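Working notes, beginning with the structure itself.
2 protein chains.
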Amino acid sequence: MTDRQLIQGVKGTRDFYPEDWAFEMWFYEKIKEVSQLFGFQEYEGPLLETLALYAAKSGEELVKKQAFTLQDRSGETLALRSEMTPSLARMVAQKSGELIFPVKWFTFGRRFRYEKPQKGRGREFFQWDCDTLGLDSPEADAEIIAIAATMYQKLGLTPQEVRIKVNDRQLMQKKLISLELDEEAIVKAFRLIDKKDKVNREDFLEMAKEQGFTADQALAMIQVTEEKNAYLDSPSLIKIFEILKRYGVADYIEFDPGIVRGLEYYTGTVFEGWDVKGEFRAIWGGGRYGNLTAEVGGKEKIPGVGFAMGDMVIAEILKANGKYPTLPQTTTKLLVTIFSLELLDQSINLTNELRKNNINTELYLDPQTKLDKQIKYADKKSIPWVTILGPNEVQKNTVTLKNLETGEQKTISQEQLLNELKQNSN
Amino acid sequence: MTDRQLIQGVKGTRDFYPEDWAFEMWFYEKIKEVSQLFGFQEYEGPLLETLALYAAKSGEELVKKQAFTLQDRSGETLALRSEMTPSLARMVAQKSGELIFPVKWFTFGRRFRYEKPQKGRGREFFQWDCDTLGLDSPEADAEIIAIAATMYQKLGLTPQEVRIKVNDRQLMQKKLISLELDEEAIVKAFRLIDKKDKVNREDFLEMAKEQGFTADQALAMIQVTEEKNAYLDSPSLIKIFEILKRYGVADYIEFDPGIVRGLEYYTGTVFEGWDVKGEFRAIWGGGRYGNLTAEVGGKEKIPGVGFAMGDMVIAEILKANGKYPTLPQTTTKLLVTIFSLELLDQSINLTNELRKNNINTELYLDPQTKLDKQIKYADKKSIPWVTILGPNEVQKNTVTLKNLETGEQKTISQEQLLNELKQNSN
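Protein chains in written order, with the working numbering: chain C, 1 to 426; chain G, 427 to 852.
Below is the structure:
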């Protein structure tokens, strides 16, 4: 470096300082808890895949506009993982002979999308994915939805704050066929309907016209997305709603014929998480896919259902509803101070003893620093306790323990110290 | 897809099926435990950085030969994170006014290097990084080494299996200056010495000649790397070894004047983890760096010390020493079977009750499958318990609980069931 300007991070990426990372870990713990409660196993995949994998199944927009791509030294085009489902499909197809079906897997990891960075949206973010493969049943769909609803509960989000909108693409397909739309037109119609909530009626009609639909067809499409009782024509949705009622999460659920999802690989039930006030974009989304393993080149069509929930919108939703957690600033229980260079060894011995007893202990690492500065350091780092080992303590084989919150201090034996700190363990 | 060939993963990347990921999570739990025991806080950084960040500080080899690079749409060259230290330096420099020093941070995340994939080495791997910044003291160096030694202990690796080789670059510098080498030649000499263990004596002398050293200088260099008592000339090393003795980990430690590390940013103590038999490459490595924050463009020189330990060599070392862990195949406690379609609702209710009591429960999701097949499924998935809710049980408000390991089964009330499973919680 010659110009001595601080090198900047890449736009849309995030630096996770300990206080930022604490949120991710808190969310991850909840993910683990909820997923395992439903009997799901954790997996992970590579962050680099061939571009071909994504081209095989995602909507065009995602691949061409949103992928971070690079050339391998062998000339192959690779992409940073933009979503998990294609890797999942590849992994399941790859070992379909060995795996025990249904496969019920979850993961929490990074995704990359070349999007315009904005509130709740970065180019690099984390996502929770949860999928059941090898079964095509309303029970499997209902369970996946119930997992997301259970996460709402664990996050403290109420049905007054967040909802899950559910629809069935097959039901929609039937309705659209009755409008005399062919298969190709139906794909277009789904893409159009997916954007409906982002534009006004006039713009929707205009977009429909551009896509080659007649005005009657466009108006009929709008009507279809507003039929609030259309689910009664879908035995599968009826069953799903019934099961979700049994799971005690019905208050979060609503049928919404306007939800179709943008990705082309969905073939049945589709769902999205939304905040009730509609201030944010979809919190998460998912659905049933019938052909994914075959589309990535697998021998069999293994049906699946799953969802993905990102970390950034969830954080915004929690903040907006006053549910963002207060997280501990440190897991360190106490700071062992150093009275003087001569007494350093005693402080090291004490530190060692505490750590052997599994007490998270920081030793002050500069024996030249004055004691009051060491204590201030502990306070600034939110470490609740400090010990002082001066000549008096060493002579009597005791230690002074100070609680930085209350200011109280007492001189006790090392054995008492261990007991005290173990009792105060959180 | 037209050719219906399964799309392959990218060479050198890894698919983590649940059994593979379980090892990573096991290692990560140990990392968290050990790091927090020493009072370190967890952080993370982006996986994408500008190439400039790496060029600013790493050895040339790492950047030019080993980086996965890509062009941003704005034309800037980005690199997938090949090591953590540059990101750490950038993050610390960026907030140096707000952070409380010493900063003691750890992280466990992905790194990418375009290397030839082989045993213990992939193009995409995970690494544990642990660093103390803002202090230049032998106490800080000793603590970092003690953390790695404590990890050996937690992994069950003994001093008969693994060691930590320690040296001091400043000590080496003094020795090399006495050979009449100037600063530039010393940089070359370090790079050469770092490769010494990988080649025989003859090749080393040849390499030295190519680098412009005289035969006398080359021989003197070899001699320097073999002076087993040279640490007595380094007050800092003497202090470090003394502290490590106090920490009770001295058996793992040896002075090795042949260890200098390949990266150019090290300015003091350097260390590497090795298996005693010498069957593997270095398990991990680290050292003291004086100028990193300034080299990435920060205003101040903030001294630091740290190490990085990868997941892949550790796994090989554990296997070679019979210490690779036996990991549970599932966290699921029981499978609730479905007796018949008519009794599905009862099984859902029971499942819901169990989950409300935080018992990890899988519900069999296909009500059409025969009961014995459902039980076989639980067995194959290593789920320890199954419940059966048939017409008899439902009538009497009981449930049959079967232990798949012992084959024992009993019919009990739902309340007893909850108690039984809570007692058997691990």
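For every residue, glycine included, the Cβ atom is placed at its ideal position computed from N, Cα and C. None of the values given here were measured: they were computed from a predicted structure.
- A straight line joining the alpha-carbon of G748 of chain G with that of I801 of chain G spans about 34 Å.
- By the beta-carbon neighbour count (other beta carbons within 10 angstroms, threshold 16), L753 of chain G is exposed.
- Scanning the region 450-531 of chain G for uninterrupted beta strand (DSSP E) segments of 3 residues or longer gives 474-476, 495-497, 503-506, listed from N- to C-terminal end.
- At a beta-carbon threshold of 7 Å, the residues of chain G lying near V10 of chain C are P472, L474, E475, T476, L504, ordered along the chain.
- The straight-line gap separating the alpha-carbon atoms of Y54 of chain C and L432 of chain G is approximately 13 Å.
- For N167 of chain C, the pairing in a beta bridge is given by DSSP as C:V270.
- For G258 of chain C, the closest of C:L192, C:R288, C:T107, C:L417 by C-alpha to C-alpha distance is C:L192.
- Contact between the region 200-208 of chain C and the region 298-311 of chain C is absent: fewer than three C-beta pairs spanning the two stretches fall below 8 Å.
- With 16 or more other Cβ atoms from the protein chains shown falling within 10 Å of its own Cβ, T269 of chain C counts as buried.
- For Y803 of chain G, the residues of chain C that pass the 8 Å Cβ criterion are I100, in the order they occur in the chain.
- Taking a contact as a CB-CB distance under 8 Å, the pair W105 of chain C and F27 of chain C does not count as one, their CB atoms being some 18 Å apart.
- No Cβ-Cβ contact shorter than 8 Å links G712 of chain G with L559 of chain G.
- Of all alpha-carbon atoms in C:I388, C:E316, C:W385, the one lying nearest the alpha-carbon of R121 of chain C is that of C:E316.
- Y790 of chain G sits in coil when the DSSP states are folded into three classes, being neither helix nor strand.
- The three-state reading of DSSP puts N829 of chain G in strand, counting E and B together.
- Between the region 648-667 of chain G and the region 716-729 of chain G, the count of C-beta pairs closer than 8 Å stays below three; the two stretches do not touch.
- Straight across, the Cα-Cα distance linking I238 of chain C with L232 of chain C is about 7 Å.
- Excluding the 5 residues flanking it on each side, K301 of chain C has same chain C-beta neighbours closer than 6 Å at N291, A294, in chain order.
- No Cβ-Cβ contact shorter than 8 Å links L561 of chain G with P585 of chain G.
- Per DSSP, the continuous alpha helix (DSSP H) segment holding A804 of chain G begins and ends at 797-806.
- For the set C:G390, C:G297, C:G306, C:K356, the Cα lying nearest the Cα of L341 of chain C is the one of C:G390.
- Look at the beta carbons and you see the region 455-470 of chain G touching the region 568-587 of chain G: at least three pairs across the two are nearer than 8 Å.
- Residue-level contact by beta carbon holds for Q467 of chain G and chain C, with a gap shorter than 8 Å.
- At the C-beta level, E475 of chain G and S513 of chain G come within 8 Å of one another.
- In the DSSP annotation of this structure, the continuous segment of the beta strand (DSSP E) that includes L133 of chain C starts and ends at 124-133.
- Excluding residues up to 5 positions away in sequence, L753, Q755 lie with their Cβ nearer than 8 Å to the Cβ of E445 of chain G in the same chain.
- Here V260 of chain C carries a coil assignment [DSSP, helix/strand/coil].
- In this structure the region 698-706 of chain G does not lie against the region 630-645 of chain G, because fewer than three pairs of beta carbons, one per stretch, are closer than 8 Å.
- If you look at Y578 of chain G, you'll find it in the alpha helix (DSSP H) that goes 564-581.
- Among the bridge pairs identified by DSSP, R714 of chain G is matched with G:V731.
- At least 8 Å separates the beta-carbon of V394 of chain C from that of L335 of chain C.
- Excluding the 5 residues flanking it on each side, Q94 of chain C has no same chain C-beta neighbour closer than 7 Å.
- Restricting attention to G:K624, G:I785, G:K848, G:T533, the CA atom closest to the CA of E468 of chain G is found in G:T533.
- Between Q835 of chain G and the set G:I814, G:Q849, G:K822, G:F552, the nearest pair of CA atoms involves G:I814.
- Counting of Cβ neighbours within 10 angstroms places G699 of chain G among the buried residues, the total reaching 16 or more.
- For L767 of chain G, the three-state secondary structure derived from DSSP is helix.
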